[in-house]
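Reviewing the structure listed below.
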Amino acid sequence: MKLREIAFSRSGDKGSTSNICVFPYNDADYGRLVDKLTVEVVREKFAALVTGEIVRYEIPANYGLNFVLFDALDGGVSQTLRVDPHGKSFQSLILDIDV
Amino acid sequence: MNSSRSIKIGCGSAYADDPLDAAAALADSGQVDYMGFDCLAERTMALAQIRKLQDPSAGQDQRIAQIVPLMKRLLERGGKVIGSFGAANPNAAAVDFATALCGLGIDGVRIGIIRGDDVLSQVLSTDYALPELRTSTSTIKERIVCANAYIGADAIVDCLREDAQIVLGGRLADPSLFVGPICHEMQWDLDDWDRVAEATLAGHLLECGEHGTGGNFEDPPYRSVPDPHNIGYPMAEIDESGIVVTKLAGTGGLIDRNTVRAQLYYEVHDPARYLTPDIAADFSEVTIEELEPNRVRVGNARGRERPTELKVLVGIDQGWKSVGEFSYGGPGCVERAQRAAEILRKRIDRLGDAVEEIRIDMQGVNSLHLGAFTAGYPAEVRLRLATRCATREAAATAAHEVETLYTHGPAGGGGAVTSIARAIGVTPAYVPRDQIDISYSVVTS
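Residue numbers (this note's numbering), protein chains in the order written: chain A, 29 to 127; chain B, 1037 to 1481.
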């Protein structure tokens, strides 16, 4: 099953750092996300895009995970040659992960 | 404590080119006392600085003459407008406000002008670390074009205390545009950290405009948002019992637990330590309660002392950027686009060192995620050549190469569109607060 079937996400940018937060529609799926959506799994999915460290923050009070991806935006919005300089579409890529 | 204190504040803008119809509706509704306008993004400030270099009377937000008439009734009711309208040139923004107010026949409006966020000369004369580039300002001095400190709510509160009805500055931090008026009206001290964190929570949910009301959220069939073409901007009602985020009745969009959660951690790194010039805020245990449709109560943000350093965004001249796009369709479109890409690479090679970076994508195939998705064969593909060049001339030549595919490229290519623009990189430095001199003045129009 793809993550998109049970969760939603939003990505944002600060310089060349991206963050992607992920929330299950059903709070009961939070534990599954914590188990399946590891830093290693996310790193593999974003391997072609992210060269730096990836940090995961757990937010149990709101049933969310927040991933911070360093050196993820090829220098950041004002200088990258990428089509999507902000990494707005990263939120869609994370939802393609199998859980 | 006077428990009747309250404030209603709406968001008017989330970036420099944000349309203004929703802002006008909020201002005219009579349901807000204040409007906060975030007019900047990381790239916007650098572009504004370039405009100012070309014309010393430019570099401010370019919508002020449009915005002031939309705020007329709000101002006549005694409402107040706060914004980062100054961008690279707060004085010029103040002149634009005074001119527009005069044009409407309104005089005697107090305008607060906040200065001091522009720290370019200081950054050029002192060596500050640039951690993300793993270098420092002195080593790339000749390429630094701007440096602006993110500044907090202090000067906004000072201006409001002096009865300013309009408060404008340059790189005022996005949430601070709301923290200032909230703390002023609620009489919350700016070192009452838990309360500043609450005000920052409200500001964070407001400052991105439609991001707080269901924009950037729909993903059918899993998530849908009503009437996104008519999406309302967020507003917050704050009193001693807490914060309610809502929007005008009759507007499109959606405010519920999920849209609030999505925005709550947007551009936040450690949820327990969200840093602004005003606060180290802990949003990790924020409570979200749906009161009724499109009314959500949030609370329980906690605060610790604000950072001792201010983040300074340093703009670096990276030359020129060109983009050219071209389409191929039908069977074999990907192979023809690949062939065209080979041609482009060889043609660009001839330009030598003037082209510092080249990137070719096939939109519809691999441009966003570099092949991390696998899909079927596309009906069409748009080839995109992007370059970063040392000179404008090289960028123009590189962009033009895409147009030449009409005549020497593979069969059936069409729809060339090209553009060139200055490339300004931005990177943070961190400067001790006491080295940055923020000042303000309040003038009467």
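Think of the CB as a built atom: it goes at the ideal place given N, C-alpha and C, for glycine as much as any other residue.
This structure is a prediction, so every number in the text was calculated from the model and none was measured.
7 Å Cβ shell around residue i - same chain, five flanking residues per side excluded
i	result
Lys10 (chain A)	There is simply no residue 10 (chain A) to check, as chain A begins at 29 and stops at 127 in what is shown.
Ala1209 (chain B)	Tyr1186, Ile1187, Gly1188, Thr1312, Pro1313
Gly1095 (chain B)	Ala1084, Gln1085, Arg1087, Lys1088, Ala1123, Ala1124, Asn1125, Ala1128
Glu86 (chain A)	Val62, Leu93
Gly1114 (chain B)	none
Leu1387 (chain B)	Ala1430, Thr1433, Ala1434
Tyr91 (chain A)	Phe51, Pro52, Asp55, Tyr58
6 Å CB neighbourhood of residue i in its chain, flanking five on each side removed
i	result
Cys1195 (chain B)	Gly1148, Val1203, Tyr1476, Val1478
Glu81 (chain A)	Phe98
Phe1362 (chain B)	Leu1419, Val1438, Leu1441, Gly1449, Ala1452
Gly1339 (chain B)	Trp1229, Asp1230, Val1232, Ala1233, Ile1315, Ala1317
Ser44 (chain A)	Asp99, Leu101, Gly103, Gly104
Thr1080 (chain B)	Ala1052
Asn1252 (chain B)	none
Trp1224 (chain B)	Arg1231
Ser1358 (chain B)	Thr1423, Ala1431, Ala1434, Ala1435, Ile1456
Gly1360 (chain B)	Leu1421, Ala1435, Val1438, Thr1454
Ile122 (chain A)	Ser37, Ile48
Val96 (chain A)	Asn47, Val83
Asp57 (chain A)	Ile34
Cβ-Cβ separation, residue j to residue i (assumed contact under 8 Å), whole Å
i	j	result
Ala35 (chain A)	Leu61 (chain A)	7 Å
Cys1219 (chain B)	Ala1189 (chain B)	6 Å
Trp1356 (chain B)	Ala1459 (chain B)	6 Å
Tyr1164 (chain B)	Lys1347 (chain B)	Rounded, the Cβ-Cβ distance is 11 Å, inconsistent with contact.
Ile1352 (chain B)	Gly1152 (chain B)	That belief does not hold up - the Cβ atoms of Ile1352 (chain B) and Gly1152 (chain B) are roughly 22 Å apart, past 8 Å.
Thr1236 (chain B)	Pro1211 (chain B)	5 Å
Leu1213 (chain B)	Gly1119 (chain B)	6 Å
Val1332 (chain B)	Val1261 (chain B)	With a Cβ gap of about 15 Å, Val1332 (chain B) and Val1261 (chain B) do not count as contacting.
Leu77 (chain A)	Leu1406 (chain B)	6 Å
Asp1064 (chain B)	Arg1109 (chain B)	6 Å
Gly1245 (chain B)	Tyr1269 (chain B)	5 Å
Leu1140 (chain B)	Val1104 (chain B)	7 Å
Phe51 (chain A)	Arg1197 (chain B)	Phe51 (chain A) to Arg1197 (chain B), Cβ: 40 Å. No contact.
Arg1293 (chain B)	Ile1324 (chain B)	5 Å
Beta-ladder partner(s) of residue i, from DSSP
i	result
Gln1399 (chain B)	B:Arg1418
Glu1345 (chain B)	B:Pro1468
Lys1116 (chain B)	B:Tyr1070
Met1271 (chain B)	B:Gly1046, B:Thr1282
Lys30 (chain A)	A:Asp126
Val1350 (chain B)	B:Ala1183, B:Thr1463
Val1332 (chain B)	B:Val1281, B:Glu1326
Ser1358 (chain B)	B:Thr1423, B:Ile1456
Gly1154 (chain B)	It should be noted that the sequence gives Asp, not Gly, for residue 1154 (chain B). Asp1154 (chain B) is bridged to B:Asn1184.
Asn94 (chain A)	A:Cys49, A:Tyr85
Lys42 (chain A)	A:Thr45
Tyr1310 (chain B)	B:Ala1317
Selection from the options that minimises the alpha carbon distance to residue i
i	options	result
Pro1055 (chain B)	B:Cys1075, B:Asp1069, B:Tyr1070, B:Gly1066	B:Cys1075
Phe118 (chain A)	A:Tyr53, A:Tyr91, A:Arg71	A:Arg71
Thr1443 (chain B)	B:Thr1427, B:Glu1345, B:Ala1376, B:Ser1481	B:Ala1376
Lys64 (chain A)	A:Val111, A:Arg110, A:Leu93	A:Leu93
Ile1100 (chain B)	B:Gln1158, B:Gln1374, B:Ala1059	B:Ala1059
Ser1049 (chain B)	B:Thr1454, B:Ala1183, B:Asn1127, B:Gln1102	B:Gln1102
Asn1330 (chain B)	B:Glu1321, B:Thr1295, B:Val1350	B:Thr1295
Met1563 (chain B)	B:Ser1481, B:Thr1480, B:Tyr1070, B:Asp1057	The first residue shown for chain B is 1037 and the last is 1481, placing residue 1563 (chain B) beyond what the model contains.
Ile1379 (chain B)	B:Glu1326, B:Pro1446, B:Pro1343, B:Glu1392	B:Pro1446
Val83 (chain A)	A:Val111, A:Asp126, A:Cys49	A:Cys49
Gly1072 (chain B)	B:Cys1047, B:Asp1057, B:Gly1206, B:Glu1198	B:Cys1047
Ile1007 (chain B)	B:Asp1255, B:Leu1284, B:Ser1093, B:Met1222	It is not possible to answer for residue 1007 (chain B), since the shown part of chain B is limited to 1037 through 1481.
Glu1243 (chain B)	B:Ser1157, B:Thr1480, B:Ser1481, B:Ile1045	B:Ile1045
Val1117 (chain B)	B:Met1222, B:Val1193, B:Glu1393	B:Val1193
Ala1183 (chain B)	B:Glu1198, B:Leu1169, B:Leu1156, B:Thr1323	B:Leu1156
Glu1112 (chain B)	B:Gln1098, B:Glu1303, B:Val1068	B:Val1068
Arg1309 (chain B)	B:Gly1335, B:Leu1327, B:Glu1341, B:Glu1326	B:Glu1341
Gly1335 (chain B)	B:Glu1345, B:Gly1365, B:Glu1328, B:Val1322	B:Val1322
Contacting residues, own chain, Cβ-Cβ under 8 Å from residue i (five flanking each side not counted)
i	result
Ser106 (chain A)	Pro113
Met1037 (chain B)	Confidence in Met1037 (chain B) is poor, its pLDDT being 47 and thus under 50, which makes the residue's placement too unreliable to answer from.
Asp124 (chain A)	Lys30, Leu31, Arg32, Lys73
Thr1427 (chain B)	Gly1355, Trp1356, Ala1390
Gln1374 (chain B)	Met1398
Tyr1301 (chain B)	Pro1307, Phe1319
Leu1166 (chain B)	Ser1172, Thr1173, Ile1176, Val1350, Thr1463, Pro1464, Ala1465
Inset, instruction - Answer yes if the region 1275–1284 of chain B comes into contact with the region 1037–1052 of chain B, meaning at least three C-beta pairs across the two stretches below 8 Å, and no otherwise. - result: Yes, the region 1037–1052 of chain B touches the region 1275–1284 of chain B.
Inset, instruction - Report yes or no: do three or more beta-carbon pairs, one from the region 1080–1087 of chain B and one from the region 1120–1127 of chain B, lie closer than 8 Å? - result: Yes, the region 1080–1087 of chain B touches the region 1120–1127 of chain B.
Inset, instruction - Evaluate contact between the region 1394–1401 of chain B and the region 1409–1419 of chain B, counting only Cβ atoms and requiring at least three cross-stretch pairs below 8 Å. - result: The region 1394–1401 of chain B vs the region 1409–1419 of chain B: in contact.
Inset, instruction - Could you say if the region 1461–1472 of chain B and the region 1373–1392 of chain B meet the contact criterion of at least three C-beta pairs nearer than 8 Å? - result: Using a C-beta cut-off of 8 Å, the region 1461–1472 of chain B makes no contact with the region 1373–1392 of chain B, since fewer than three inter-stretch Cβ pairs fall below that distance.
Inset, instruction - Report yes or no: do the region 1281–1290 of chain B and the region 1249–1263 of chain B share at least 3 C-beta pairs separated by less than 8 Å? - result: With a cut-off of 8 Å on Cβ pairs, the region 1281–1290 of chain B is in contact with the region 1249–1263 of chain B, counting three or more such pairs.
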